[in-house]
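Residue numbers (full-length UniProt numbering): 1 to 310. Each residue gets a CB set at the ideal place from its N, CA and C atoms; glycine is no exception. The block underneath contains the structure these notes are about, expressed in C-alpha coordinates.
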(Lines of atoms letter the chains of each structure in order from A; the text may use other names.)
(Lines give C-alpha, C1' and ligand atoms only; values in the text may rest on other atoms or scores of the structure.)
Protein backbone atom coordinates (compact mmCIF):
# COMPACT_ATOMS: atom_id res chain seq x y z
CA UNK A 1 0.00 0.00 0.00
CA UNK A 2 1.20 3.49 -0.83
CA UNK A 3 0.30 6.43 1.42
CA UNK A 4 0.68 10.19 1.29
CA UNK A 5 1.08 11.98 4.64
CA UNK A 6 0.42 15.73 4.56
CA UNK A 7 1.75 17.93 7.34
CA UNK A 8 4.47 15.31 7.65
CA UNK A 9 6.89 17.62 9.49
CA UNK A 10 4.52 18.00 12.46
CA UNK A 11 4.08 15.98 15.62
CA UNK A 12 1.30 13.71 14.30
CA UNK A 13 2.68 13.57 10.76
CA UNK A 14 6.11 12.34 11.84
CA UNK A 15 4.62 9.70 14.14
CA UNK A 16 2.41 8.51 11.30
CA UNK A 17 5.37 8.26 8.92
CA UNK A 18 7.28 6.22 11.53
CA UNK A 19 4.42 3.77 12.07
CA UNK A 20 3.52 3.36 8.39
CA UNK A 21 7.15 2.76 7.45
CA UNK A 22 7.55 0.23 10.27
CA UNK A 23 4.55 -1.69 8.92
CA UNK A 24 5.90 -1.84 5.39
CA UNK A 25 3.93 0.94 3.73
CA UNK A 26 5.47 2.88 0.86
CA UNK A 27 5.22 6.44 2.20
CA UNK A 28 5.24 9.79 0.41
CA UNK A 29 5.36 12.95 2.50
CA UNK A 30 4.69 16.64 2.09
CA UNK A 31 4.79 19.88 4.08
CA UNK A 32 5.26 23.54 3.24
CA UNK A 33 8.96 23.67 4.16
CA UNK A 34 11.67 21.15 3.13
CA UNK A 35 12.41 18.44 5.69
CA UNK A 36 14.33 15.16 5.59
CA UNK A 37 11.52 12.59 5.36
CA UNK A 38 10.83 9.62 3.04
CA UNK A 39 9.54 10.53 -0.43
CA UNK A 40 9.31 14.21 0.48
CA UNK A 41 7.94 16.95 -1.80
CA UNK A 42 7.46 20.49 -0.51
CA UNK A 43 4.03 21.90 -1.36
CA UNK A 44 1.51 24.49 -0.25
CA UNK A 45 -1.75 22.53 -0.51
CA UNK A 46 -3.75 25.73 -0.97
CA UNK A 47 -2.00 26.69 -4.21
CA UNK A 48 0.39 24.02 -5.55
CA UNK A 49 -0.22 21.49 -8.32
CA UNK A 50 -1.15 18.44 -6.24
CA UNK A 51 -1.19 15.82 -8.98
CA UNK A 52 2.51 14.84 -8.57
CA UNK A 53 1.94 14.19 -4.86
CA UNK A 54 -0.89 11.75 -5.54
CA UNK A 55 0.49 9.63 -8.36
CA UNK A 56 0.05 5.98 -7.37
CA UNK A 57 -1.26 6.81 -3.88
CA UNK A 58 -3.81 4.45 -2.27
CA UNK A 59 -4.47 6.32 1.01
CA UNK A 60 -4.15 10.00 1.93
CA UNK A 61 -3.57 10.82 5.60
CA UNK A 62 -4.32 14.54 5.83
CA UNK A 63 -2.59 15.97 8.91
CA UNK A 64 -1.64 19.38 7.51
CA UNK A 65 -3.43 22.29 9.18
CA UNK A 66 -3.00 25.70 10.65
CA UNK A 67 -3.39 24.79 14.32
CA UNK A 68 -2.19 28.06 15.84
CA UNK A 69 -4.24 29.93 18.42
CA UNK A 70 -3.64 33.04 16.33
CA UNK A 71 -4.38 34.13 12.78
CA UNK A 72 -6.98 35.71 10.52
CA UNK A 73 -10.11 34.04 9.19
CA UNK A 74 -8.59 34.11 5.70
CA UNK A 75 -5.43 32.35 6.92
CA UNK A 76 -7.39 29.61 8.67
CA UNK A 77 -9.72 29.20 5.70
CA UNK A 78 -6.84 28.87 3.22
CA UNK A 79 -4.85 26.35 5.28
CA UNK A 80 -7.70 24.26 6.69
CA UNK A 81 -10.64 24.56 4.30
CA UNK A 82 -9.35 25.50 0.84
CA UNK A 83 -6.34 23.18 1.13
CA UNK A 84 -8.58 20.29 2.20
CA UNK A 85 -11.02 20.89 -0.65
CA UNK A 86 -8.20 20.98 -3.23
CA UNK A 87 -6.62 17.84 -1.79
CA UNK A 88 -9.96 15.99 -1.80
CA UNK A 89 -10.58 16.93 -5.43
CA UNK A 90 -7.06 15.98 -6.53
CA UNK A 91 -7.14 12.70 -4.59
CA UNK A 92 -10.46 11.73 -6.11
CA UNK A 93 -9.16 12.59 -9.57
CA UNK A 94 -6.06 10.45 -9.00
CA UNK A 95 -8.11 7.41 -8.00
CA UNK A 96 -7.12 7.41 -4.33
CA UNK A 97 -9.11 4.74 -2.47
CA UNK A 98 -9.11 6.17 1.08
CA UNK A 99 -8.87 9.65 2.62
CA UNK A 100 -8.38 10.10 6.38
CA UNK A 101 -8.60 13.56 7.99
CA UNK A 102 -7.04 14.58 11.30
CA UNK A 103 -9.94 16.71 12.54
CA UNK A 104 -10.21 18.37 15.95
CA UNK A 105 -12.34 18.05 19.12
CA UNK A 106 -12.12 21.85 19.42
CA UNK A 107 -15.39 21.75 17.50
CA UNK A 108 -17.09 20.46 20.69
CA UNK A 109 -15.98 23.39 22.87
CA UNK A 110 -18.74 25.80 23.86
CA UNK A 111 -17.20 27.50 26.91
CA UNK A 112 -18.83 25.13 29.40
CA UNK A 113 -17.56 21.92 31.00
CA UNK A 114 -18.25 18.96 28.70
CA UNK A 115 -17.29 15.49 29.94
CA UNK A 116 -17.17 12.16 28.07
CA UNK A 117 -18.36 13.78 24.86
CA UNK A 118 -19.35 11.31 22.15
CA UNK A 119 -19.05 11.86 18.40
CA UNK A 120 -22.79 12.54 18.00
CA UNK A 121 -22.92 15.18 20.76
CA UNK A 122 -24.48 18.50 19.71
CA UNK A 123 -21.99 21.06 18.44
CA UNK A 124 -22.13 24.72 19.47
CA UNK A 125 -24.04 27.04 17.16
CA UNK A 126 -20.99 29.29 17.02
CA UNK A 127 -17.47 27.81 17.20
CA UNK A 128 -15.31 29.37 19.91
CA UNK A 129 -12.30 30.01 17.66
CA UNK A 130 -11.39 30.52 14.02
CA UNK A 131 -9.43 27.28 14.20
CA UNK A 132 -12.49 25.33 15.37
CA UNK A 133 -14.62 27.02 12.72
CA UNK A 134 -12.24 26.02 9.93
CA UNK A 135 -11.72 22.44 11.17
CA UNK A 136 -15.48 21.95 11.44
CA UNK A 137 -15.92 23.09 7.85
CA UNK A 138 -13.09 20.84 6.64
CA UNK A 139 -14.48 17.81 8.47
CA UNK A 140 -17.96 18.39 7.07
CA UNK A 141 -16.48 18.46 3.56
CA UNK A 142 -14.49 15.26 4.04
CA UNK A 143 -17.25 13.21 5.67
CA UNK A 144 -19.82 14.43 3.16
CA UNK A 145 -17.75 13.46 0.13
CA UNK A 146 -19.59 11.02 -2.14
CA UNK A 147 -17.99 8.90 -4.86
CA UNK A 148 -15.60 5.97 -5.02
CA UNK A 149 -13.09 7.37 -2.48
CA UNK A 150 -13.95 6.36 1.10
CA UNK A 151 -13.48 9.25 3.54
CA UNK A 152 -13.14 9.05 7.33
CA UNK A 153 -11.78 11.23 10.15
CA UNK A 154 -10.52 11.17 13.70
CA UNK A 155 -10.78 13.84 16.41
CA UNK A 156 -7.58 13.45 18.46
CA UNK A 157 -7.51 15.45 21.69
CA UNK A 158 -4.45 17.57 22.55
CA UNK A 159 -1.66 15.72 20.70
CA UNK A 160 1.73 15.88 22.40
CA UNK A 161 5.13 14.21 22.26
CA UNK A 162 8.38 14.65 20.35
CA UNK A 163 8.11 17.34 17.63
CA UNK A 164 5.13 18.95 19.41
CA UNK A 165 5.22 22.66 18.60
CA UNK A 166 1.90 23.68 20.13
CA UNK A 167 0.87 22.18 23.45
CA UNK A 168 3.77 21.46 25.82
CA UNK A 169 6.08 24.12 24.30
CA UNK A 170 3.52 26.83 25.12
CA UNK A 171 3.20 25.64 28.71
CA UNK A 172 6.97 25.36 29.11
CA UNK A 173 7.55 28.80 27.58
CA UNK A 174 5.10 30.35 30.05
CA UNK A 175 6.83 28.54 32.93
CA UNK A 176 10.23 29.82 31.80
CA UNK A 177 9.38 33.41 31.01
CA UNK A 178 6.46 34.44 33.12
CA UNK A 179 3.52 33.27 35.15
CA UNK A 180 1.26 30.49 33.95
CA UNK A 181 -2.42 31.50 33.80
CA UNK A 182 -4.32 29.18 36.15
CA UNK A 183 -7.91 29.73 35.05
CA UNK A 184 -10.49 28.59 37.61
CA UNK A 185 -7.66 27.31 39.75
CA UNK A 186 -6.48 24.90 37.06
CA UNK A 187 -9.42 22.58 37.75
CA UNK A 188 -10.34 22.04 34.08
CA UNK A 189 -10.09 18.39 33.03
CA UNK A 190 -8.11 17.65 29.87
CA UNK A 191 -7.49 14.32 28.19
CA UNK A 192 -4.46 14.18 25.94
CA UNK A 193 -3.26 11.99 23.11
CA UNK A 194 0.31 10.86 22.67
CA UNK A 195 1.49 11.18 19.08
CA UNK A 196 1.81 7.40 18.67
CA UNK A 197 -1.76 6.81 19.88
CA UNK A 198 -3.03 9.48 17.47
CA UNK A 199 -1.08 7.96 14.57
CA UNK A 200 -2.46 4.53 15.40
CA UNK A 201 -5.97 5.99 15.35
CA UNK A 202 -5.35 7.46 11.89
CA UNK A 203 -4.18 4.12 10.50
CA UNK A 204 -7.13 2.25 12.01
CA UNK A 205 -9.54 4.85 10.61
CA UNK A 206 -8.22 4.08 7.12
CA UNK A 207 -10.11 0.78 7.38
CA UNK A 208 -13.28 2.30 8.86
CA UNK A 209 -16.65 2.74 7.15
CA UNK A 210 -17.38 5.68 4.86
CA UNK A 211 -18.27 8.84 6.76
CA UNK A 212 -16.97 7.48 10.05
CA UNK A 213 -15.48 9.84 12.63
CA UNK A 214 -13.91 8.75 15.91
CA UNK A 215 -12.68 10.45 19.06
CA UNK A 216 -9.10 9.47 19.93
CA UNK A 217 -7.34 10.06 23.26
CA UNK A 218 -4.81 8.24 25.43
CA UNK A 219 -7.64 7.25 27.77
CA UNK A 220 -6.85 9.31 30.87
CA UNK A 221 -7.91 12.80 31.97
CA UNK A 222 -5.97 15.21 34.20
CA UNK A 223 -6.72 18.50 35.86
CA UNK A 224 -4.63 21.18 34.18
CA UNK A 225 -2.80 21.99 37.40
CA UNK A 226 -1.81 18.31 37.78
CA UNK A 227 -0.44 18.26 34.23
CA UNK A 228 1.62 21.33 35.05
CA UNK A 229 3.03 19.64 38.14
CA UNK A 230 4.10 16.61 36.08
CA UNK A 231 5.73 18.85 33.47
CA UNK A 232 7.48 20.84 36.20
CA UNK A 233 8.83 17.66 37.77
CA UNK A 234 10.15 16.39 34.43
CA UNK A 235 11.60 19.72 33.30
CA UNK A 236 12.91 21.02 36.61
CA UNK A 237 11.15 24.33 35.99
CA UNK A 238 9.36 26.20 38.78
CA UNK A 239 5.62 26.77 38.63
CA UNK A 240 4.69 30.44 39.03
CA UNK A 241 0.95 30.53 38.51
CA UNK A 242 -1.38 33.47 37.97
CA UNK A 243 -4.88 32.68 39.31
CA UNK A 244 -7.57 34.00 36.96
CA UNK A 245 -11.37 33.78 37.17
CA UNK A 246 -12.83 32.47 33.92
CA UNK A 247 -14.72 35.67 33.09
CA UNK A 248 -11.67 37.86 33.66
CA UNK A 249 -9.51 35.52 31.57
CA UNK A 250 -11.93 35.79 28.63
CA UNK A 251 -12.03 39.59 28.95
CA UNK A 252 -8.23 39.85 29.06
CA UNK A 253 -7.83 37.48 26.12
CA UNK A 254 -10.38 39.35 24.02
CA UNK A 255 -8.78 42.71 24.82
CA UNK A 256 -5.29 41.33 24.09
CA UNK A 257 -6.39 39.91 20.76
CA UNK A 258 -8.16 43.13 19.78
CA UNK A 259 -5.09 45.20 20.59
CA UNK A 260 -2.79 42.79 18.76
CA UNK A 261 -4.98 42.91 15.64
CA UNK A 262 -5.10 46.71 15.72
CA UNK A 263 -1.30 46.82 15.88
CA UNK A 264 -0.82 44.01 13.37
CA UNK A 265 1.38 42.29 15.91
CA UNK A 266 2.29 38.80 17.01
CA UNK A 267 0.12 36.40 18.97
CA UNK A 268 -0.67 37.74 22.46
CA UNK A 269 0.32 35.66 25.48
CA UNK A 270 -3.34 34.97 26.34
CA UNK A 271 -5.77 34.08 23.55
CA UNK A 272 -9.45 33.16 23.50
CA UNK A 273 -8.52 29.70 22.24
CA UNK A 274 -6.19 29.24 25.23
CA UNK A 275 -8.97 30.28 27.61
CA UNK A 276 -11.36 27.84 25.91
CA UNK A 277 -8.78 25.03 26.13
CA UNK A 278 -7.56 25.61 29.69
CA UNK A 279 -10.55 27.19 31.37
CA UNK A 280 -13.26 24.59 30.71
CA UNK A 281 -13.20 20.82 31.00
CA UNK A 282 -13.40 18.81 27.78
CA UNK A 283 -12.98 15.05 27.83
CA UNK A 284 -13.92 12.58 25.12
CA UNK A 285 -15.70 9.24 25.04
CA UNK A 286 -13.54 6.84 22.98
CA UNK A 287 -15.83 3.82 23.22
CA UNK A 288 -16.76 4.09 19.51
CA UNK A 289 -13.09 3.89 18.46
CA UNK A 290 -12.62 0.89 20.75
CA UNK A 291 -15.69 -0.82 19.30
CA UNK A 292 -15.44 0.09 15.61
CA UNK A 293 -11.68 0.22 15.08
CA UNK A 294 -10.23 -1.97 17.82
CA UNK A 295 -8.38 1.10 19.09
CA UNK A 296 -6.57 0.76 22.42
CA UNK A 297 -4.52 3.58 23.98
CA UNK A 298 -0.95 2.47 24.64
CA UNK A 299 0.97 5.50 25.96
CA UNK A 300 0.17 7.14 29.31
CA UNK A 301 1.09 10.75 30.02
CA UNK A 302 3.88 10.03 32.50
CA UNK A 303 5.57 7.81 29.91
CA UNK A 304 4.75 10.03 26.93
CA UNK A 305 5.93 13.29 28.43
CA UNK A 306 9.32 11.73 29.26
CA UNK A 307 10.30 11.67 25.58
CA UNK A 308 9.84 15.43 25.41
CA UNK A 309 12.73 15.89 27.85
CA UNK A 310 14.93 12.95 26.80
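Find out if the Cβ-Cβ distance for the pair residue i, residue j is shorter than 8 Å.
i	j	result
residue 124	residue 110	yes
residue 5	residue 61	yes
residue 27	residue 39	yes
residue 221	residue 283	yes
residue 216	residue 197	yes
residue 8	residue 53	no
From this set, the options, which residue's C-alpha is nearest residue i's C-alpha?
i	options	result
residue 173	48, 107, 231	231
residue 115	127, 189, 140	189
residue 257	100, 169, 71, 164	71
residue 292	250, 204, 245, 222	204
residue 81	130, 51, 57, 37	130
residue 12	246, 179, 159	159
residue 280	85, 247, 305	247
residue 135	85, 285, 170	85
residue 184	277, 33, 73	277
residue 117	286, 253, 197	286
residue 146	212, 83, 133	212
residue 119	289, 15, 305	289
residue 137	73, 309, 58, 206	73
Assuming residue i contacts residue j under a Cβ cut-off of 8 Å, what Cβ separation, rounded to an integer in Å, is found between them?
i	j	result
residue 105	residue 182	About 22 Å; that fails the 8 Å criterion.
residue 224	residue 186	4 Å
residue 42	residue 31	7 Å
For residue i, collect the residues of the same chain with a Cβ closer than 8 Å to its Cβ; drop the 5 residues on either side in sequence, then sort them by chain order.
i	result
residue 208	152, 214, 292, 293
residue 307	161, 162
residue 200	19, 295, 298
When the Cα atoms are used, what is the spatial distance from residue i to residue j?
i	j	result
residue 162	residue 234	14 Å
residue 102	residue 155	6 Å
residue 240	residue 226	14 Å
residue 64	residue 255	30 Å
residue 144	residue 210	9 Å
residue 34	residue 44	11 Å
residue 175	residue 302	19 Å
residue 169	residue 219	22 Å
residue 228	residue 193	16 Å
residue 269	residue 253	8 Å
residue 195	residue 15	6 Å
residue 238	residue 274	21 Å
To which residues of the same chain is residue i closer than 7 Å at the C-beta, ignoring the five residues directly before and after it?
i	result
residue 78	46
residue 56	2
residue 67	131, 166
residue 108	114, 117, 121, 123, 282
Going by beta carbon distance, what residues of the same chain come within less than 6 Å of residue i, once the five residues before and after it are set aside?
i	result
residue 20	3, 27
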